[in-house]
Structures are given as structure tokens and as C-alpha cells.
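Our numbering applies: residue 10 is where the sequence shown begins, and numbers increase by one.
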Amino acid sequence: MVESTVENPASAFRNLEDSPIIKCIGNTPLLEIKMFESEFPDVEVYAKAEWFNPGGSVKDRPALFMVKDGLESGRLRPGKILLDSTSGNTGIAYAMIGAALGIPVRLVLPANASDERKATLKGYGADIVLSDPLEGSDGAQRLAAKMHREEPEKYFLPCQYDNPANPLAHVETTASEILEQTGGRVEHFIAGLGTTGTLVGTARGLKERKPDVVVHAVMPSESFHGLEGMKHIPTAIRPGIYDESAHDHLIPAGTEESYDLADRIAKEEGLFIGHSAGAALVGVREVAKQIEKGVIVTLFPDGGDRYLSEARQEA
Ligand code: PMP
């Protein structure tokens, strides 16, 4: 079901370089995290605060790279609609970038996505197509692919799960920023797995320039979980961009412990982070326990204000 209708005018898109809001993507702060200080005094922990991106999440970075790649390759051109499946943050990023550049955007999301999420997308003028809530993000992915197959001329489908521009955004921006902001001191990098773009791209970018960085991927411990944006890879559609060799270790994170750490850091340090950022903290605690000394960098994909209308879910 399409809830509103964007047009696909043949008029030219606006120039990327002329958009003030797009210039604000990336270069997020690297914050020192104190919550494990008393337990592990010789471990330094830092986190990229990705909710400082103008669309409110890390997904502004890959969305911009995928749009740029579409424009440069000619696959995205006036007359086409940008179509993709997204449970949330990538959709908001596409919708914001689309609005800034005059690109019509249509997004497929599971019908049970939160009302505030749908309202945000509509606020930017994007169309919403609802997929079967029981099929989750995999169902949204299948429906977007079907729509594209049926009308390939109408749509540009970046397909964030399979698009190399997704990890490339992190090779070129996230990894460089981390190296610069730590003065090259980063020893361990920890990030959650969703499309896997953040983990795979940042790991590649870090290891290219500092091969001894140890990379830890955090994954929901169960197939059914409450960590929006993350995937339990063994039971989900495997993202085409996923590269297992990008991480040295895999850390499972439970929903409850992730929510607990996200709650705690908001109250103790004033960092109101999302649930997947809580999962990243589960990974940090685990690595800190193992290494006892060193410099850990993680990434908080979005803020807790994204999840206000969602009840705390049981794992
Ligand atoms: N957390 C949140 C809140 C997200 O929106 C995403 C993106 N799906 C992720 C984690 C995982 O990031 P990536 O897709 O780069 O693996």
C-alpha cells in the first residue's frame, strides 16, 4: 500500500555541492566513554556519536554515497524514483537527501514500524509502502526488489545490502575520522551488524592504514530480538556486502543487556543512545574484560529519541 504519491518529474535534480545540509554529514564527535572506567581503569573507550549527523544516524553516510554513485553512474537520473527497503534510519537519510536534492523517494518498510518513524519519512515528503510485519526487514527487502523487477525503468534501487558504496562510505569517512580523532591510537574497533556496511567498511579502512587493529562485530544473540537496525545474520537474508574476514571476533549481544547499558549511559553520562548502541556497549564491556589495557573505539548508530514510542521488548 502506497500512503501518498511522489511524482517523478523529469526536471533536473539540484546539485549536491549546493546543499548546506548535506555538507553537515559526517565528521561526528568522538566521545570518551566513562562507564567502564572503574572496572577497567587501563582501558580507554571512545564512541563516534552518529546521531550528530543531520538525519540523526550513521546511515546518512552510506545513503549519501549510494545517491552519489547512482548520480555518477547515471542509474539515478531525473524521471526516476529512489526506491529502497529500510526499517528506519536509511530511509530517513534517503528522505532527507532526496528532499535536499529534489529526488523523489519511495520506501518499503514493515507495517509495524513506529508511527514516529513513518511521520518523519512523510515529513520529508517521501512515499511509504508497507510490507508484511511478520516478514520483518527481509519482507521489506523482497517487496522492494519485486517492485523494481516489475518496473525497472521507474526506479533506482540502491539496495543498501548489496551496494559497495555502503561500506565505501565508511572506508572513506568513518575510518579516516577515527584514525584522525584518535591520533592513530585506535587498537580495537567494535560495531554492530545490520547491512554490515559500518563494520565491513570501517574495518577495511582502519586495517588498510593500521593492519594490527582488532575488529569485533556485535550481533544479536537470537533471531528474534529488539535491536532495531541489527541482523542475526545466520537466520536472515545474508547481505551481499557482508565480508566475514573484516572482523576478527564476533560478540553476541542480548536485547535486555543492550537496553540496560543504553539506559545506564543516558543516566550516568548524559548520552541518550539507541538500542543498537547499547549492543555496541555489550561488545565494549566484553572486549575490555579480555584485554584489560588498550584503546577501544566503537560507534553509536543513533539516539534514544528514535525509540520513544516503542515498548521495551523482551529478548
Ligand atoms: N543500528 C541502527 C540503529 C541502524 O539503523 C543500523 C543500520 N541498519 C545499524 C545499527 C547497523 O548498521 P549497518 O547497516 O551499517 O550494519
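Idealized CB from N, CA, C, for every residue including glycine. Since we're looking at a predicted model, the values are computed, not measured.
Item	Value
Residues of its chain near Pro-71, where Cβ-Cβ distance is below 6 Å and the 5 sequence neighbours each way are ignored	Asn-175, Ala-178, Gly-206
Three-state class that DSSP yields for Glu-162 in the structure shown	coil
Cβ-Cβ distance between Tyr-170 and Thr-204 below 8 Å	yes
Nearest-angstrom Cα separation, counted from Gln-190 out to Ile-305	13 Å
As assigned by DSSP and simplified to three states, the class of Asp-269	helix
Residues sharing a beta bridge with Asp-258, DSSP	Sequence check: residue 258 is His here, not Asp. Paired residues: His-225.
Cross-strand partners of Lys-57 (DSSP beta bridge)	Leu-39, Leu-308
Near ligand 1: Pro-310 beta-carbon under 7 Å from a heavy atom	yes
Buried versus exposed call for Gly-313 [16 or more other C-beta atoms within 10 Å across all chains shown]	buried
Pro-142 - DSSP class collapsed to helix/strand/coil	helix
Gly-342 - partner residues in DSSP beta bridges	This structure cannot settle anything about residue 342, because the visible part of the chain is limited to 10 through 324.
Candidates Glu-26, Trp-60, His-157, Phe-281, of which the one nearest Lys-77 by Cα	Glu-26
Exposed unless 16 or more other CB atoms sit within 10 angstroms - verdict on Leu-259	exposed
Ala-245 versus Glu-237 - alpha carbon distance	14 Å
Pair within 8 Å by beta-carbon distance, Val-293 and Val-54	yes
At least three beta-carbon pairs within less than 8 Å, the segment 120-130 to the segment 92-109	yes
Spatial neighbours of Phe-49 in its chain, beta-carbon cut-off 6 Å, leaving aside the 5 residues before and after	Ala-297
Delimiting residues of the alpha helix (DSSP H) encompassing Val-293	284-300
Any beta strand (DSSP E) of 3 or more consecutive residues that is wholly inside the segment 72-117	90-94
Check whether Val-209 and Ile-250 have beta carbons under 8 Å apart	yes
Expected contact under 8 Å - CB spacing of Leu-80 and Val-114 to nearest Å	The Cβ separation is near 14 Å, so there is no contact.
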